[in-house]
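The sequence shown runs 2 to 69 under our numbering.
Since the structure comes first, as structure tokens, the remarks are kept for the end.
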Amino acid sequence: MVKIIDRSHNLQRFESTFKELDDKCHQEKLELLIRGCILDPILAGDDGSDEADTEDIEMDEAFEEDGA
Numbered sequence: 002m003v004k005i006i007d008r009s010h011n012l013q014r015f016e017s018t019f020k021e022l023d024d025k026c027h028q029e030k031l032e033l034l035i036r037g038c039i040l041d042p043i044l045a046g047d048d049g050s051d052e053a054d055t056e057d058i059e060m061d062e063a064f065e066e067d068g069a
């Protein structure tokens, strides 16, 4: 007598688990991308504007005064 083992349920569980992990990985990558592009510059004091920050201007002026 031959016993037939149905592995389709295991395959479906594996595919479901893999999809969940893949989705989580994409979500984490997106969160890191958002943090890197949006939050890190803000935390570093860069508001994304094209205008120079007052501190940058003061540092440039001080550098120029030193004879550079």
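In this text, a Cβ means the ideal position worked out from N, Cα and C, and glycines have one as well.
* Answer with buried or exposed for Ala69, where buried requires no fewer than 16 other C-beta atoms within 10 angstroms of its C-beta. => The predicted position of Ala69 is uncertain, since its pLDDT is 49 and thus under 50; a value taken from the coordinates is nonetheless stated next. Ala69 is exposed by the Cβ-count criterion.
* In terms of residue numbering, what span does the alpha helix (DSSP H) encompassing Cys26 cover? -> It spans 9-35 - the alpha helix (DSSP H) in which Cys26 sits, taken as one unbroken run.
* Alpha carbon of Asp7 to alpha carbon of Glu29, nearest angstrom -> Between Asp7 and Glu29, the C-alpha separation is close to 35 Å.
* Asked: Under 7 Å from any heavy atom of the ligand ZN, does the C-beta of Thr18 make it?
  -> With respect to small molecules bound, the structure shown includes none, and the ligand ZN cannot be examined in it.
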